[in-house]
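In the working numbering, the protein residues as written are 404 to 713.
Put into structure tokens, the structure is as follows:
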């Protein structure tokens, strides 16, 4: 058994196609197929059911694949460990980040990080929290930047900062007469929200009483906070924004922001990783760079209410 053979079966499991798996591994399909057959013969099991299209793992194969993920991940970690011991800051970090953070956070630390550590390749992809969790557990990404707590077994959460929620109101909105608003004030028919699948939508619904919301005759759920902000600018209504999303707003727009009275709702933003992840030095450096780019008052836990998932 070799690490290379395990990498081949992981590729087939990912693509469910021998040809595409071989292409991703930069080998010919006969080479990849022969190595997987050799491994199956050695173990005296069938890992993939080749009669199905797409190819699927057998029941035994699925268990072997799960173990192979751990072995391959740990084998790669050995190289990272040696680099760290030598003081060589290098390697690849595959990072997943949720869409309600990416446009407002990445530009704050990316340039400084890659300037300081030119041998580190930072590969970033936007994805919803559900996909971050899935890809972390499948070793398809190394780290996630998401809103926590997740309460997911096998994942570690390293809190970085805490964001307040702000209400953003349209011009002439009745709630602008108030300096601060309450959650009960949002019991209206004019709340613009993110579409399903976004954790920020879940946080808003957790904050408010979902049952009391009624839809307008025009109903729109956006995939981005900027889309919601534009709808508020053009039409009557209100949307909720996390703190980082308010930093680039114009002075005129900021006059239509309102905080919440009493215990302010906040959300916790963390780096998440698997317990077996070995690139600890890179995690530490990335963590330090991100927290240094955030206002200090956001990096300590505020006296607010953390909005949790249902």
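A virtual CB, placed ideally from N, CA and C, is assigned to each residue, including glycine.
Between residue i and residue j, is the Cβ-Cβ spacing less than 8 Å?
{"i": "residue 542", "j": "residue 472", "result": "yes"}
{"i": "residue 410", "j": "residue 428", "result": "yes"}
{"i": "residue 468", "j": "residue 548", "result": "no"}
{"i": "residue 675", "j": "residue 559", "result": "yes"}
{"i": "residue 649", "j": "residue 631", "result": "no"}
{"i": "residue 512", "j": "residue 693", "result": "yes"}
{"i": "residue 682", "j": "residue 464", "result": "no"}
{"i": "residue 579", "j": "residue 589", "result": "no"}
{"i": "residue 526", "j": "residue 496", "result": "yes"}
{"i": "residue 481", "j": "residue 684", "result": "no"}
{"i": "residue 406", "j": "residue 478", "result": "yes"}
{"i": "residue 697", "j": "residue 564", "result": "yes"}
{"i": "residue 544", "j": "residue 509", "result": "no"}
{"i": "residue 595", "j": "residue 634", "result": "yes"}
{"i": "residue 657", "j": "residue 581", "result": "no"}
State buried or exposed for residue i, treating a residue as buried only when at least 16 other CB atoms are found within 10 Å of its CB.
{"i": "residue 445", "result": "exposed"}
{"i": "residue 404", "result": "exposed"}
{"i": "residue 488", "result": "exposed"}
{"i": "residue 439", "result": "buried"}
{"i": "residue 593", "result": "buried"}
{"i": "residue 415", "result": "buried"}
{"i": "residue 677", "result": "buried"}
{"i": "residue 456", "result": "exposed"}
{"i": "residue 638", "result": "exposed"}
{"i": "residue 424", "result": "buried"}
{"i": "residue 448", "result": "exposed"}
{"i": "residue 532", "result": "buried"}
{"i": "residue 422", "result": "exposed"}
{"i": "residue 570", "result": "buried"}
{"i": "residue 640", "result": "buried"}
{"i": "residue 600", "result": "Here the model assigns residue 600 a pLDDT of 44, short of 50, so the residue's position is not dependable, and the following value carries that caveat. Exposed, since its Cβ has fewer than 16 Cβ neighbours within 10 Å."}
Starting from the Cα of residue i, find the closest Cα among the options and give me that residue.
{"i": "residue 679", "options": "484, 421 and 456", "result": "484"}
{"i": "residue 636", "options": "575, 492 and 525", "result": "575"}
{"i": "residue 408", "options": "437, 476 and 587", "result": "437"}
{"i": "residue 529", "options": "511, 517 and 502", "result": "502"}
{"i": "residue 568", "options": "419, 586, 562 and 581", "result": "586"}
{"i": "residue 460", "options": "420, 658, 480 and 481", "result": "420"}
{"i": "residue 659", "options": "665, 450 and 644", "result": "644"}
{"i": "residue 584", "options": "666, 652, 518 and 563", "result": "666"}
{"i": "residue 669", "options": "651, 552 and 546", "result": "552"}
{"i": "residue 417", "options": "454, 431, 538 and 506", "result": "538"}
DSSP three-state label for residue i, please.
{"i": "residue 476", "result": "helix"}
{"i": "residue 634", "result": "helix"}
{"i": "residue 566", "result": "strand"}
{"i": "residue 506", "result": "helix"}
{"i": "residue 490", "result": "coil"}
{"i": "residue 465", "result": "helix"}
{"i": "residue 418", "result": "helix"}
{"i": "residue 361", "result": "Since the first and last residues shown for the chain are 404 and 713, residue 361 lies out of range."}
{"i": "residue 601", "result": "Since pLDDT at residue 601 reaches only 44, below the 50 mark, its modelled position is unreliable, and no value is offered."}
{"i": "residue 431", "result": "coil"}
{"i": "residue 534", "result": "helix"}
{"i": "residue 588", "result": "helix"}
{"i": "residue 436", "result": "helix"}
{"i": "residue 408", "result": "helix"}
{"i": "residue 517", "result": "helix"}
{"i": "residue 451", "result": "strand"}
{"i": "residue 544", "result": "coil"}
{"i": "residue 386", "result": "Summary: the structure shown does not reach residue 386, with the chain confined to residues 404 through 713, and so no result is reported for it."}
{"i": "residue 423", "result": "helix"}
{"i": "residue 539", "result": "helix"}
{"i": "residue 685", "result": "helix"}
{"i": "residue 460", "result": "strand"}
{"i": "residue 553", "result": "coil"}
{"i": "residue 574", "result": "coil"}
{"i": "residue 617", "result": "Unreliable positioning characterises residue 617 in this predicted model, as indicated by a pLDDT of 47, which lies under 50. The coordinate reading is nonetheless provided below. Three-state DSSP puts residue 617 in coil, outside helix and strand."}
{"i": "residue 501", "result": "coil"}
{"i": "residue 376", "result": "Outside the displayed span of the chain (404 to 713) sits residue 376, for which this structure offers no information."}
{"i": "residue 663", "result": "strand"}
{"i": "residue 413", "result": "helix"}
{"i": "residue 658", "result": "coil"}
Measure the beta-carbon distance from residue i to residue j and round it to whole angstroms, keeping in mind my assumption that it falls under 8 Å.
{"i": "residue 522", "j": "residue 690", "result": "That belief does not hold up - the Cβ atoms of residue 522 and residue 690 are roughly 18 Å apart, past 8 Å."}
{"i": "residue 566", "j": "residue 628", "result": "No, residue 566 and residue 628 are not in contact; Cβ-Cβ is about 12 Å, not under 8 Å."}
{"i": "residue 686", "j": "residue 504", "result": "Actually they are not in contact, since the Cβ atoms of residue 686 and residue 504 sit about 17 Å apart, beyond 8 Å."}
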